[in-house]
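To convert, count from 1 in the first sequence and add 1; that's this note's numbering.
All residues carry an ideal CB built from backbone N, CA and C; glycine is no exception.
Please read the structure below before turning to the comments.
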Amino acid sequence: MRYHESVKRIIETGINKTLLDLSWEETDFIVEHPSDLSRGDYSTNVAMLLSKELDRSSVDIAHEIKDKLEGSLEGVERVEVAGPGFINFYLSKEFFGKRLEEILGDTDTFGRRTLLKGEKKIIEYTDPNIFKEFHIGHVMSNTIGEAVSRLLEWNGAEVKRACYQGDTGMHVAQAMWALLKNNSHPTGELFKDAQTLGNAYVEGTKAVEVERDDIRALNKMIHEKADKKVNAMYEEWKKVSLQYFDYFYNILGTKFDYFFFESETGKVGKDIVEKNVGQIFEQSEGAVVFHAESYDPALHTRVFINSEGIPTYEAKELGLAKVKYDKYSYDQSIVVTGNEIKEYFKVILAAMKFVYPELREKTKHLPHGMMRLPTGKMSSRTGDVITANELLGEVKKSIADKGDTAQEEIAVGAIKYMILRQSIGNDIIFDIEKSVSTEGDSGVYLQYAYARATSLVEKASGVKVNLKSEEDTHEVEH
RNA sequence: GCCCCCGUAGCUCAAUGGAUAGAGCAGCUCUCUUCUAAGGAGUUGAUGUAGGUUCGAUUCCUGCCGGGGGCACCA
């Protein structure tokens with residue numbers, strides 16, 4: 002066990018022992034590290050919690066506990082009572098000295114934990130529709146999913162990265178409709194082809210109101226692989242698109258362990274839904290639906306198999322849970338998606354509770370917000386979405402010339418940091434200027450600070466630590 | 001209409017029910033006649049609204065106002 006982990010435990014044990022000595026009841030007190038260091042290196046609220054039960058002033062209780070504890074805790078130099086009854090603990094200089102030497106001697110694994118050792122996690126993220134150009138929503142999902150994966154790994158978990166790619170469904174049919182109409186074929190130039198695909202998606206989406214029946218028929222045709230010409234075009238564009246996505250996964254620094262496709266989960270999902278029609282799912286207007294509201298009034302009915310016998314996203318998602326588990330027997334499955342499917346996902350989880358109760362318990366949905374740009378800053382070529390390529394290009398342009406490779410790395414860092422600097426569920430206003438600022442809260446600043454710190458650590462290896470004052474220890478903690 | 005999420009400083013964001021609500025930009029005040037003033041040192045400034053629970057509420061509950069998402073064959 003690490004030295005610093007033990008200090009917190011020593012304090013906790015000390016408090017528990019004191020409560021026992023004074024024959025006071027156990028409570029769920031916390032020992033925390035206050036953000037303001039003048040309030041000690043550790044702090045506890047135990048006295049305030051006891052105040053009500055004992056019907057005594059929390060400050061008096063705090064003093065009583067303080068008197069018992071002071072001088073008896075290893076590594077703790079001073080104990081104080083403050084404010085409404087907080088007990089603050091100040092650690093000794095010797096502690097910080099030892100701890101610093103420990104860190105310097107072990108810079109590679111500093112910060113690693115074993116909290117999740119033995120846990121098997123699978124994280125699904127990015128999840129692009131492959132008949133659409135890679136856009137900023139994918140960048141956001143990818144950044145968050147990759148960060149979560151690394152955090153879990155850092156805490157000792159075994160992590161598998163999964164990407165679930167949409168290769169069937171109405172969205173695909175829309176793009177295919179336009180590609181067929183224009184008789185478009187890949188040219189072999191990756192960026193140009195990606196653009197063609199992106200444009201086809203936009204065109205198809207716009208056409209869907211007028212050409213709904215045609216596109217639905219095409220969807221069925223693709224689903225059943227009924228037409229040779231359609232199959233051929235589908236395959237050639239799918240290949241191109243996957244290449245393009247690989248290119249971006251590489252730039253973003255993600256390496257997936259598994260790729261799942263809607264075309265494979267659809268079949269599994271449809272089977273399981275059909276097997277449960279009459280019990281969990283119901284026939285309704287030619288489709289198979291799940292009436293989630295009869296279990297929870299906050300939920301609503303959703304279609305799992307449409308009236309043409311094609312599984313929808315909902316059924317595919319059920320199938321995916323099983324396909325994933327068959328591949329990797331996870332303890333937890335985390336699904337990173339945009340906020341807009343939050344409500345659907347609740348319905349899916351409600352259905353999963355009946356179909357795969359044990360998998361439902363292991364599944365966690367992690368929805369994130371949208372990335373938006375300040376108005377008018379950047380218009381997308383395609384009109385509707387801003388592509389990853391456009392965003393990366395714009396950010397790169399705003400960085401001082403440092404050579405293409407460095408510039409790209411800095412740009413990726415700037416984008417990722419803007420996404421990760423705030424809480425996951427909220428939308429992000431992406432300000433290019435701010436993202437590449439050389440001062441303040443930006444990825445560029447962070448990378449620069451890291452580079453300098455690394456160089457300092459290199460120079461400092463082997464140094465003996467000798468802290469002279471409390472101000473020194475505060476510097477160290479910061 | 002119903003269901004979810006969100007409203008914190010001029011802007012973009014923090015704050016496991018705790019102490020004086022923190023940062024970064026921007027602003028303001030100082031600071032260069034010798035090397036990076038694209039710098040340094042200070043400083044102003046906020047919990048949408050009305051209640052409730054609590055020793056204590058940005059945090060939990062209710063109403064209202066404002067923004068976003070969802071509500072049957074798209075994902």
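If you measure between the beta carbons of residue i and residue j, is that distance less than 8 Å?
{"i": "lysine 417", "j": "glutamate 409", "result": "no"}
{"i": "isoleucine 216", "j": "tryptophan 178", "result": "yes"}
{"i": "valine 348", "j": "phenylalanine 291", "result": "yes"}
{"i": "leucine 392", "j": "valine 140", "result": "yes"}
{"i": "lysine 317", "j": "glutamate 263", "result": "yes"}
{"i": "isoleucine 387", "j": "valine 437", "result": "no"}
{"i": "phenylalanine 132", "j": "serine 242", "result": "yes"}
{"i": "isoleucine 66", "j": "alanine 83", "result": "no"}
{"i": "phenylalanine 355", "j": "isoleucine 281", "result": "yes"}
{"i": "arginine 373", "j": "isoleucine 429", "result": "yes"}
{"i": "isoleucine 123", "j": "tyrosine 329", "result": "yes"}
{"i": "aspartate 297", "j": "alanine 352", "result": "no"}
{"i": "lysine 69", "j": "threonine 19", "result": "yes"}
{"i": "lysine 239", "j": "aspartate 168", "result": "yes"}
Please report the straight-line C-alpha distance between residue i and residue j, rounded to a whole angstrom.
{"i": "serine 39", "j": "lysine 256", "result": "44 Å"}
{"i": "aspartate 247", "j": "valine 203", "result": "22 Å"}
{"i": "glutamate 308", "j": "glutamate 125", "result": "With the sequence shown as reference, residue 308 is identified as serine, and glutamate is not the correct amino acid for it. If I take the Cα positions, the gap works out to 29 Å."}
{"i": "glycine 72", "j": "glutamate 78", "result": "7 Å"}
{"i": "valine 425", "j": "glycine 370", "result": "The question names valine, but residue 425 in the sequence shown is isoleucine. Going from the Cα of isoleucine 425 to the Cα of glycine 370 covers about 7 Å."}
{"i": "cysteine 164", "j": "arginine 114", "result": "26 Å"}
{"i": "valine 60", "j": "isoleucine 104", "result": "37 Å"}
{"i": "glutamate 440", "j": "serine 36", "result": "23 Å"}
{"i": "asparagine 130", "j": "arginine 422", "result": "27 Å"}
{"i": "lysine 229", "j": "glutamate 236", "result": "11 Å"}
{"i": "leucine 101", "j": "alanine 148", "result": "27 Å"}
{"i": "alanine 158", "j": "serine 142", "result": "21 Å"}
{"i": "lysine 365", "j": "glutamate 212", "result": "37 Å"}
{"i": "tyrosine 271", "j": "isoleucine 306", "result": "Residue 271 is actually lysine in this sequence, not tyrosine. The alpha-carbon atoms of lysine 271 and isoleucine 306 are separated by roughly 7 Å."}
{"i": "glutamate 341", "j": "glycine 106", "result": "47 Å"}
{"i": "lysine 9", "j": "serine 93", "result": "13 Å"}
{"i": "arginine 361", "j": "alanine 201", "result": "37 Å"}
{"i": "leucine 23", "j": "glutamate 81", "result": "19 Å"}
Excluding five sequence neighbours on each side, which residues of the same chain lie with their C-beta closer than 7 Å to the C-beta of residue i?
{"i": "leucine 51", "result": "Trp25, Thr28 and Ile62"}
{"i": "lysine 343", "result": "Pro368"}
{"i": "lysine 363", "result": "Tyr331, Asp332, Gln333 and Ser334"}
{"i": "lysine 435", "result": "Ser443"}
{"i": "alanine 415", "result": "Val396, Ser436, Val437, Ser443, Gly444 and Val445"}
{"i": "proline 187", "result": "Asp194, Glu237, Trp238 and Val241"}
{"i": "histidine 34", "result": "Asp42 and Tyr43"}
I'd like the list of long-range same chain contacts for residue i, defined as Cβ closer than 6 Å, with 5 residues on each side in sequence excluded.
{"i": "tryptophan 87", "result": "Looking at the sequence provided, one finds phenylalanine at residue 87 rather than tryptophan. So the qualifying residues of the chain are Ser44."}
{"i": "valine 486", "result": "The requested residue 486 is not part of the displayed model; the chain covers only 2 to 479."}
{"i": "aspartate 258", "result": "Lys161 and Arg162"}
{"i": "glutamate 154", "result": "Val160"}
Which of helix, strand or coil does DSSP assign to residue i?
{"i": "methionine 49", "result": "helix"}
{"i": "isoleucine 124", "result": "strand"}
{"i": "serine 142", "result": "helix"}
{"i": "lysine 99", "result": "helix"}
{"i": "phenylalanine 192", "result": "helix"}
{"i": "arginine 361", "result": "helix"}
{"i": "leucine 300", "result": "coil"}
{"i": "serine 445", "result": "The amino acid occupying residue 445 in the given sequence is valine; serine does not appear at that position. Of the three classes helix, strand and coil, the one that applies to valine 445 here is helix, per DSSP."}
{"i": "methionine 371", "result": "coil"}
{"i": "asparagine 130", "result": "strand"}
{"i": "serine 73", "result": "coil"}
{"i": "methionine 379", "result": "Note that methionine 379 scores 45 on pLDDT, short of 50, meaning its location in the model is unreliable and no value can be drawn from it."}
{"i": "tyrosine 235", "result": "helix"}
{"i": "threonine 115", "result": "coil"}
If I'm right that residue i touches residue j with Cβ under 8 Å, what's the distance once you round it to whole angstroms?
{"i": "leucine 198", "j": "alanine 233", "result": "Not quite, the Cβ-Cβ distance comes to about 16 Å (not below 8 Å), so this is no contact."}
{"i": "isoleucine 252", "j": "isoleucine 420", "result": "At roughly 15 Å, the Cβ-Cβ gap does not stay under 8 Å, so isoleucine 252 and isoleucine 420 are not in contact."}
{"i": "lysine 325", "j": "phenylalanine 261", "result": "7 Å"}
{"i": "alanine 195", "j": "tyrosine 245", "result": "5 Å"}
{"i": "alanine 389", "j": "phenylalanine 192", "result": "Incorrect: roughly 12 Å between the Cβ atoms, too far for contact."}
{"i": "isoleucine 11", "j": "leucine 74", "result": "6 Å"}
{"i": "leucine 319", "j": "valine 278", "result": "Not really, about 13 Å apart at Cβ, beyond 8 Å."}
{"i": "glycine 138", "j": "glycine 404", "result": "No, glycine 138 and glycine 404 are not in contact; Cβ-Cβ is about 30 Å, not under 8 Å."}
{"i": "glycine 41", "j": "asparagine 89", "result": "3 Å"}
Can you list, in chain order, the residues of its chain with a C-beta nearer than 8 Å to that of residue i? Leave out the 5 residues immediately preceding and following it.
{"i": "valine 231", "result": "Met177, Leu181, Leu219, Met222 and Ile223"}
{"i": "leucine 55", "result": "Trp25 and Ile62"}
Tell me whether residue i counts as near the ligand COA, meaning its Cβ is closer than 7 Å to at least one heavy atom of that ligand.
{"i": "leucine 350", "result": "For the ligand COA, the structure offers nothing, since it holds no ligand at all."}
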